[in-house]
Structure formats: C-alpha cells, structure tokens
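This report refers to the structure that appears directly beneath it.
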Amino acid sequence: MPDKILETTLEVLKEDAEGILADWIEQADEDGAKRIDLFSEKEERDQAASLLRSFRLGVRDASKDGEFDLQDEHWADLRGILSEITHERVERGVLPGEMAALILALKTPLFERLTEKLESDPERLIEEVLLLSKAIDAFAIYSNEVFIAEREQVIERQRDEMMELSTPVVELWDKVLTLPLIGTLDSLRAQEVMESLLQAIVERQAEVVIVDITGVKTVDTQVAQHLLRTAAAVRLMGARCIISGISPKIAQTMVELGVDVGEVRTRSSLRSALMDALTSVGVAIRPINDDKRNAK
Amino acid sequence: MNAAAIYAVEGVLLVSITSDITDTDIIDLQEALSKRIADTECRGVVVDISALEIVDTFVGRVLAQLTSVARLLDAETYVVGMRPAVAMTLVELGMYLPENHTALTLSHALDKMRQSGLIDGLRRG
Amino acid sequence: MVFDEADRIATIELEQDRDVVRARSRVADAMKECGSSELMQTRFVTAVSEVVRNALTHAGGGTLAIYAMPNKRQVGIECRDCGKGIEDIDAAMADGFTTRRGSMGRGLGGAKRLSKTFAIDSSPGKGTTVRMIGACSLR
Numbered sequence: 004m005p006d007k008i009l010e011t012t013l014e015v016l017k018e019d020a021e022g023i024l025a026d027w028i029e030q031a032d033e034d035g036a037k038r039i040d041l042f043s044e045k046e047e048r049d050q051a052a053s054l055l056r057s058f059r060l061g062v063r064d065a066s067k068d069g070e071f072d073l074q075d076e077h078w079a080d081l082r083g084i085l086s087e088i089t090h091e092r093v094e095r096g097v098l099p100g101e102m103a104a105l106i107l108a109l110k111t112p113l114f115e116r117l118t119e120k121l122e123s124d125p126e127r128l129i130e131e132v133l134l135l136s137k138a139i140d141a142f143a144i145y146s147n148e149v150f151i152a153e154r155e156q157v158i159e160r161q162r163d164e165m166m167e168l169s170t171p172v173v174e175l176w177d178k179v180l181t182l183p184l185i186g187t188l189d190s191l192r193a194q195e196v197m198e199s200l201l202q203a204i205v206e207r208q209a210e211v212v213i214v215d216i217t218g219v220k221t222v223d224t225q226v227a228q229h230l231l232r233t234a235a236a237v238r239l240m241g242a243r244c245i246i247s248g249i250s251p252k253i254a255q256t257m258v259e260l261g262v263d264v265g266e267v268r269t270r271s272s273l274r275s276a277l278m279d280a281l282t283s284v285g286v287a288i289r290p291i292n293d294d295k296r297n298a299k
Numbered sequence: 047m048n049a050a051a052i053y054a055v056e057g058v059l060l061v062s063i064t065s066d067i068t069d070t071d072i073i074d075l076q077e078a079l080s081k082r083i084a085d086t087e088c089r090g091v092v093v094d095i096s097a098l099e100i101v102d103t104f105v106g107r108v109l110a111q112l113t114s115v116a117r118l119l120d121a122e123t124y125v126v127g128m129r130p131a132v133a134m135t136l137v138e139l140g141m142y143l144p145e146n147h148t149a150l151t152l153s154h155a156l157d158k159m160r161q162s163g164l165i166d167g168l169r170r171g
Numbered sequence: 004m005v006f007d008e009a010d011r012i013a014t015i016e017l018e019q020d021r022d023v024v025r026a027r028s029r030v031a032d033a034m035k036e037c038g039s040s041e042l043m044q045t046r047f048v049t050a051v052s053e054v055v056r057n058a059l060t061h062a063g064g065g066t067l068a069i070y071a072m073p074n075k076r077q078v079g080i081e082c083r084d085c086g087k088g089i090e091d092i093d094a095a096m097a098d099g100f101t102t103r104r105g106s107m108g109r110g111l112g113g114a115k116r117l118s119k120t121f122a123i124d125s126s127p128g129k130g131t132t133v134r135m136i137g138a139c140s141l142r
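Protein chains in written order, with my numbering: chain A, 4 to 299; chain B, 47 to 171; chain C, 4 to 142.
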C-alpha cells in the first residue's frame, strides 16, 4: 500500500494538467454545463484551470486519511476559489445544476487516465476510482452549498431593495405625508412599513399621514389589523392617520369580518383623503382664475 | 424628585420624565401632578416622554390614570415626543392609550390646546 | 431553552424598583453591543421590564441573568424568583389576566410577543423562571 492513497491520480494530475483541463471542458460542454452565452472560452478555461490546480493541491494534502471533508484546512485554497467563481456565476445567472454538472464532468477525463495507467492493477484501479469519485462528489456537493448560499444572499438583497421600493413615504405638502401601499402586506412587511412611516413622521414633523391601500391586493382580517395598528401607532406619535383607497368591496369585507376601525378616518379615494389632510393643516386647493391662466 | 419634573409653561403644566424613572418615582409624580393641577387651576398638561427609551405596561397604565385624574380636575393631557420604536411596541402590547391626546412636540401640543381653547395666551400658570 | 452554550455577561439581584431600571439599562447595553436596531432593542427591553417587574411585585424579588448568545445577534435573559409560583400558566399568559386591581394584565403575554423565544417554568410553591431571547433584527 503506497502512503498516498490517491498516488496515481496525483501523478496523472501533475503530468497531464493541460490535457485533463481540455477534456474536462469538453466533457462539461457535452453535459450541458457550459454557458457560452454567459462566459467567454477564456473565462471558462481560466476558471476551470484554477479549480483544477487547487483540487490537485487539496487531493495531495488530504488523501492521506481517505476522508474528504471540504471543511478541512487542506481545502482552504479550493474553497476560496470556489466561492469566487460561484459568486460570479450566480451574478450572471448560472443554474445550480449546471454548477454541479461542471464539477462532476471532471470524473470522465480523470477516470480515463487512471484506467490507462492502472491497466495491470485492477484492484488498485477500483480503489482509486472509488476514492476519487468520493472526492469529486464532495467537491460537487460543497460547490452546490456555496452556490445556494450565494443565491440566498442575492435573494435577500433583492428583497431589501424591493422593500425600499415598495414603501416610499412621500411628502405631499408641508406636514402631509402619504404612503401608497402596493402588493401584499404580511406581518414582517407591515412592521417595516410602520417603522419607516413613523420615522418619516419624526423627520418631516408631519401632522397628517395618508395610507393609501388602492394597490393592496387583498384585505383580510390580518391586513386590516395591520392597518389599524399602523393608524394607532401614528396617533401615539401625535399625528393623524387617514386610510384611503377603500373600495366598496373592501369596505364590505371589513364589515363582514367584523373589523372595527374605531376612530381611524377612512376615505374611498386618495383624492378625498388629500382634501381632508390639506384642510386640517390649513391649506386649500382652488382653481386659479382665467386671467392668471391666460397670462401664462 | 430628579427623574421627573413639573414646570409651568404658557399656562400649562409641562411634565418631563427621564429614562431612569422608577415605578415609585412615577407614582409620586402622579400625586404631585394632581396637586399642582388643583393648585394652579390649569386646563392643560403636557407629558414629554421623548427621553423615555421604553414605555412598558406599567408606565402606559400610569399615563392613562394620570390623564383620567387630570380630566376629573378639568384638565386635558397631551403625551408628546413618543419615539417610533416605543409607539410600535405599545401597539404590539395592545396599549393604544385612547384617553390621552397626543402631539409630536411640546409646541404642537400648545398649538392644539390654543385651538381648542384650553389656553388663551393671557393666562399664565 | 437552556443557556449552556451562552456567555453570562451580567447578573442583577432584583430587590427594589431601582433594580428594574438597572436591569433595563444593562439589557439595552447588551442589545447595543450586538448591533441591535432601535426597534428590536426597545421591544426586548420592554419585555424584560415586564418580566422583571413581575418577579419584584409578585415574588418580592429574584435574580436576572443576562447572556450573550452563541449566535452573536441575540441576547438571552433568565429571570428567576422564589415566589409562590403561578397556578395556571396559560391563564397568566392571556391578555387581561391580572392578580391586581387596576393592572391591565398585558405583562406576560406582551413579553412573549415582544421576544423571539419565550419559555416559562413555574409551579405553586416553587417559584417562577422565565427565559427569553431577543433578536437584534426583524429577519
């Protein structure tokens, strides 16, 4: 028994790195793991080359105990390169399956070379193929985990961006703010909406806020409760809250659900809510007379 | 009492509470305030809680009681300066403080009281 | 919920109402240290205030231990008293439950809503232990 159990694999990787690289990329292409639409030939090659290099280093250091735990220090190099490459791939829209297929495609060129080298020693061949297979599987699984973690980060970031986009608190007039709600209002989002609204009240010293729900898809008991709590918090801060955009259908649902709006003021349209809000801060909208209009 | 103080400002009583107020202090405050209302015959009270980092159910309850007592003595109470995080927490606790009037700041509260005739600018407390 | 893996960062004996103020400000500091948002800090400190005051008024005192959780974005507390215990925990947790007149009884139920994790352990004669974890952000 040689002291390095993947000795032949290491030899092969050292002797014919270029050949393996070329065959690997070709194999990946056949398996549909290559994305020429997303990466140039050169980028693909450079990425694969650096992966192969650190894979060899990892195999060299880790193959002594036959356990392939990618969390080991032997694989630090490979992990680093993998997260770099994965980050880029996720950014460009590669699918998780394609990433795994790319790694698994490495088996073919390596197995072919091992078969040639160990033709006379089938027992040793089986041993190395099994071990190598284990190593590459571990490699693929790890890359998949990294990939998913990367994707989750992207999703979270997009969620945050969406969140900011979907809760714009707009100053309509001095002391008058409006918050046009769009989409669905779950508990988490309701909290975030409330937080940014209350913050804006302090910053702009607002006295009236209009929460417009024209764009809210469905108003069930929970959504109605969130709205009423928002109105209650606005009042505690010392401002008034008007809920506008209550369609006849929503009004009916709220009555059927037994939602008590209490002292919260509601308006069917943003227009009438605005009139109401402006009146309470002492401002009126009036048509300008014809003389002035003609002068312009 | 250092954790809370009562000042007479523009014909109203201004109560300011600091964040390290204890339960005992706040109960003492409630008593001292009702005496001052009776003594000055003022019709408006402003409780500034902008320094309070939290309002729990106990403090919320005292605020409500203080308001009810003041009302029996013919004075209306405004709570001003509540922080957004405090407002959200109170709502989650189900404490909407319906007895209290609220305003963003002391000057907003004074405006509102002037509008509702609680102070007329001539009276000084 | 146990705090075996957590670091105990402070212990406060609860004997008088000044200690409730100390407990609040120590928990607020711990939340700040783990980078909490103002909202999450306010929520958890309010929850702690409820629980600690309960120990003081119902059991005459107790001990509060504050923990930095292994997950750096959380703070844990354990409030232990040697009072007469709670007979019906479910009832005590419900909004509106109170043993005192003039109290609105939103304390324990409120503390549960304001914390990320809440556990209460009590039986008559054996005192009450409340453990809570507060998170530093909504997500």
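Note that beta-carbon positions come from the ideal geometry of N, C-alpha and C, so glycine has one too. Values in this document were obtained by computation on a predicted structure and should not be read as measured data.
Neighbouring residues, chain E, relative to residue i (Cβ below 7 Å)
i: R232(A); result: Among the protein chains of the structure shown, namely A, B and C, there is no chain E.
Straight-line gap, residue i to residue j (C-alpha atoms, nearest Å)
i: R104(C); j: L17(C); result: The predicted model places R104(C) with a pLDDT of 47, which falls under 50 and marks its position as unreliable; any figure quoted below should be read in that light. Each residue's Cα considered, the two are about 23 Å apart.
i: L121(A); j: E47(A); result: 31 Å
i: A51(B); j: G127(B); result: 16 Å
i: L73(A); j: T221(A); result: 48 Å
i: R192(A); j: S126(C); result: 39 Å
i: T103(B); j: E90(C); result: 22 Å
i: W78(A); j: A71(C); result: 32 Å
i: L134(A); j: L41(A); result: 33 Å
i: R268(A); j: L230(A); result: 12 Å
i: G110(C); j: Q228(A); result: 21 Å
Test: residue i CB closer than 8 Å to a CB of chain C
i: Q194(A); result: yes
i: I63(B); result: no
i: E77(B); result: no
i: E94(A); result: no
i: D74(B); result: no
Beta-carbon spacing of residue i, residue j below 8 Å
i: S140(C); j: M34(C); result: no
i: I92(C); j: K119(C); result: no
i: L201(A); j: A236(A); result: yes
i: R59(A); j: L16(A); result: yes
i: L79(B); j: L112(B); result: yes
i: A103(A); j: A31(A); result: no
i: A280(A); j: V173(A); result: no
i: V23(C); j: V55(C); result: yes
i: G106(B); j: M159(B); result: no
i: L117(A); j: I23(A); result: no
i: V91(B); j: L143(B); result: no
Residue i - DSSP class collapsed to helix/strand/coil
i: V97(A); result: coil
i: S53(A); result: helix
i: R243(A); result: strand
i: E21(A); result: helix
i: D98(C); result: coil
i: F42(A); result: coil
i: F58(A); result: helix
i: S106(C); result: With a pLDDT of only 49 at S106(C), under 50, the local geometry of the prediction cannot be trusted, and no value is derived from it.
i: R121(C); result: Rather than Arg, the amino acid found at residue 121(C) in this sequence is Phe. In this structure, F121(C) counts as strand in the three-state DSSP scheme.
i: Y145(A); result: helix
i: S126(C); result: coil
i: P183(A); result: strand
i: M135(C); result: strand
i: G261(A); result: coil
i: S62(B); result: strand
i: L67(C); result: strand
i: I72(B); result: helix
Neighbour flag for residue i against chain A, beta carbons, 8 Å
i: M134(B); result: yes
i: L141(C); result: yes
i: A149(B); result: yes
i: L42(C); result: yes
i: L98(B); result: no
Cutoff 8 Å: residue i Cβ touching any chain B Cβ
i: A280(A); result: no
i: E87(A); result: no
i: V5(C); result: no
i: A227(A); result: no
For residue j and residue i, believed in contact at Cβ under 8 Å, the rounded distance
i: C85(C); j: G130(C); result: 4 Å
i: T123(B); j: V93(B); result: 6 Å
i: L182(A); j: L277(A); result: Wrong, their Cβ atoms sit about 13 Å apart, outside the cutoff.
i: L54(A); j: I84(A); result: 6 Å
i: A97(B); j: T64(B); result: 5 Å
i: A173(B); j: G241(A); result: The requested residue 173(B) is not part of the displayed model; chain B covers only 47 to 171.
i: S283(A); j: R232(A); result: Contact flag wrong, Cβ pair sits at about 22 Å.
i: A9(C); j: R76(C); result: Not a contact, Cβ separation roughly 13 Å.
Residue i Cβ short of 7 Å to the ligand FAD heavy atom set
i: V92(B); result: The model on display carries no ligand, and the ligand FAD is accordingly not part of it.
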